[in-house]
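Down below is the structure, laid out as C-alpha cells.
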Amino acid sequence: MKKGENKVFHDDCKCPGQSPYPYGNVDQLRDMLAKAYVLYQVYCMRYPLDKALEKGTLFPELEKPWPPYYYEETVKN
Amino acid sequence: MTRERRELLRKLQELEFACIDLNLYLDTHPWDQRALAEFNTYANQLAMVKKQYESMYGPLSNFGQSLSQYPWQWIESPWPWEIQD
C-alpha cells in the first residue's frame with residue numbers, strides 16, 4: 104500500500120469509511136498531530152526543608168512561578 | 003501557642019511535606035536509591051517528631067490515629083485559625 108492509501112476504518116464494522124478528518128487517511132492524519140516530549144526528571148539537588156515548604160516543591164527544577172517574574176521590578180518596568 | 007510548640011509544629015510540617023514530595027517522585031522513579039534513602043530518613047524523623055509533639059502537646063490526629071492522655075485532649079489543641087505567629 105502506498106503512502107496516502109492507508110484508509111480510516113470504522114470501529115464497529117471494519118469497512119473502509121468516510122474519515123471524520125478533512126484529509127481522509129491515516130498517514131496524513133499522523134502528519135497533523137503534535138507529539139509532546141517531557142524530559143525525565145533526574146534527582147540531583149533539593150531545597151532545604153524549610154525552603155521547600157515555602158516554595159511548594161522539594162525540587163528546584165519544578166519551581167515554576169506563574170505569572171513568571173511578575174513580581175520582579177526590573178521586568179515590570 | 004509557645005515558640006517551642008510552634009517551631010516543633012513547623013518542623014513537623016517541613017518533614018511531612020518532604021515525605022509527600024519524595025513519595026510522588028518515587029512513584030515515577032522507584033529505582034532511585036538516593037531518593038529512597040532520603041525518604042526513609044525523613045519518614046523516620048517525621049515519626050520521631052510526631053511522637054515528641056504528641057507526648058508534649060496532645061494528639062495530632064483523631065479517630066484512633068493518635069492516643070490521648072486524660073482528660074480527652076483533642077478538643078484542647080488550638081484550631082489552625084487560632085494559631086498566631
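Chains as they are written, first to last, in this note's numbering: chain P, 104 to 180; chain Z, 3 to 87.
All residues carry an ideal CB built from backbone N, CA and C; glycine is no exception.
*Where do the N-terminal and C-terminal ends of the alpha helix (DSSP H) with C21(Z) fall, by residue?*
Counting along the chain, the alpha helix (DSSP H) containing C21(Z) begins and ends at R5 to T30.
*Taking E40(Z) and G60(Z) to be in contact with their CB atoms under 8 Å, please state how far apart those CB atoms are, rounded to whole angstroms.*
About 30 Å separates the two Cβ atoms, so there is no contact after all.
*Residue-chain proximity (P168(P), chain Z), Cβ-Cβ < 8 Å*: No, its Cβ sits nowhere closer than 8 Å to a Cβ of chain Z.
*Evaluate F19(Z) with the Cβ neighbour count: other Cβ atoms within 10 Å of its Cβ, from every protein chain shown; 16 or more gives buried, anything less gives exposed.*
Looking at its Cβ environment, which holds 16 or more other Cβ atoms inside 10 Å, F19(Z) is buried.
*Note down, in chain order, every chain Z residue with its Cβ under 8 Å from the Cβ of Y146(P).*
Here the neighbours are Y27, H31, D34, R36 and A37.
*How big is the Cα-Cα spacing for L17(Z) and P151(P)?*
Going by the C-alpha atoms only, they are around 11 Å apart.
*Between the segment 5-13 of chain Z and the segment 37-57 of chain Z, are three or more C-beta pairs nearer than 8 Å?*
The segment 5-13 of chain Z makes contact with the segment 37-57 of chain Z, as at least three CB pairs between them are under 8 Å.
*Is Y146(P) closer than 8 Å to D34(Z) when the C-beta atoms are compared?*
In this structure, Y146(P) lies closer than 8 Å to D34(Z) by Cβ.
*Which residues in the same chain as L161(P) place their Cβ atom closer than 7 Å to its Cβ, once the five residues preceding and following it in sequence are excluded?*
Excluding sequence positions up to five before and after L161(P), its CB lies within less than 7 Å of the CB of R149, Y150 and A155, all in the same chain and listed in chain order.
*CB contact check: E164(P) to chain Z, cutoff 8 Å*: Contacts with chain Z at 8 Å (Cβ-Cβ) do not include E164(P).
*For E9(Z), which residues in chain P fall below 7 Å Cβ to Cβ?*
Chain-ordered listing is empty here: chain P has no CB closer than 7 Å to the CB of E9(Z), the nearest sitting near 11 Å.
*Rounded separation between T4(Z) and H31(Z) - CA only*: About 40 Å.
*Answer with buried or exposed for Y140(P), where buried requires no fewer than 16 other C-beta atoms within 10 angstroms of its C-beta.*
Counting Cβ neighbours within 10 Å, Y140(P) comes out exposed, since fewer than 16 surround it.
_I77(Z) CB to nearest heavy atom of the ligand NAD below 7 Å_ = Looking for the ligand NAD in the displayed structure turns up nothing, as the structure carries no ligands at all.
*Within-8 Å CB hit, A139(P) to chain Z*: No, no contact with chain Z.
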